[in-house]
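Q:
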Amino acid sequence: MKEILEIASKLGAAIANNDRYKMFKETEEQLKKDSVAKEISEKLEKQSKKIYELERNKKPVEVEDKKELQQLKEQVASNQSIQKFLKAQTDYVGFMKKINERIEAALAPKES
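Take the sequence shown: its position 31, counting from 1, is numbered 30 in numbering that gives the first Met the number 0, and each next residue is one higher.
1) Does the beta-carbon distance from glutamine 74 to isoleucine 39 come in below 8 Å?
2) Would you kindly check if the distance between the Cβ of serine 34 and the Cβ of leucine 68 is under 8 Å?
3) Cβ atoms of phenylalanine 23 and lysine 79: under 8 Å apart, would you say?
4) How do the segment 60-67 and the segment 101-109 stand: do at least 3 beta-carbon pairs fall below 8 Å, yes or no?
5) Where in the segment 38-94 do unbroken runs of the alpha helix (DSSP H), each at least 4 residues long, occur, reported from the N-terminal end onward?
6) Lysine 21: which of Asp90, Glu54, Ala36 sits nearest, CA to CA?
As structure tokens, then:
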């Protein structure tokens, strides 16, 4: 058990030193400092939830609500802080997925 935990700690340290992780954390911090990006993200989340709840409850979604959602999506697409973060996040998630796949492959029973 101790050996496995030591290996896990080394893996965590290696991930923390990887450029993909560093870029993800850096863009995440930049995003937190960008008040415009933060406001857009919060509005988009709120509007998305509103529409989701309306649809879930089989209530009509007003054209104005759909337009607002589309405008917010366009603002997200044109905001550099958000786009940099999303790219870094995608790269990092892909990186972590590859690591997880390697671990799962090592756990899979070997066919004889």
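Even glycine gets a Cβ: it sits at the ideal position worked out from N, Cα and C.
A: Quick answer:
1) Contact flag set, yes.
2) Not in contact: leucine 68 and serine 34 (Cβ atoms no closer than 8 Å).
3) The question names lysine, but residue 79 in the sequence shown is glutamine. Phenylalanine 23 is positioned such that its CB atom lies no closer than 8 Å to that of glutamine 79.
4) No, the segment 60-67 is not in contact with the segment 101-109.
5) List check, alpha helix (DSSP H) in window: 62-77.
6) Comparing Cα-Cα distances from lysine 21 to each of Asp90, Glu54, Ala36, the minimum goes to Asp90.
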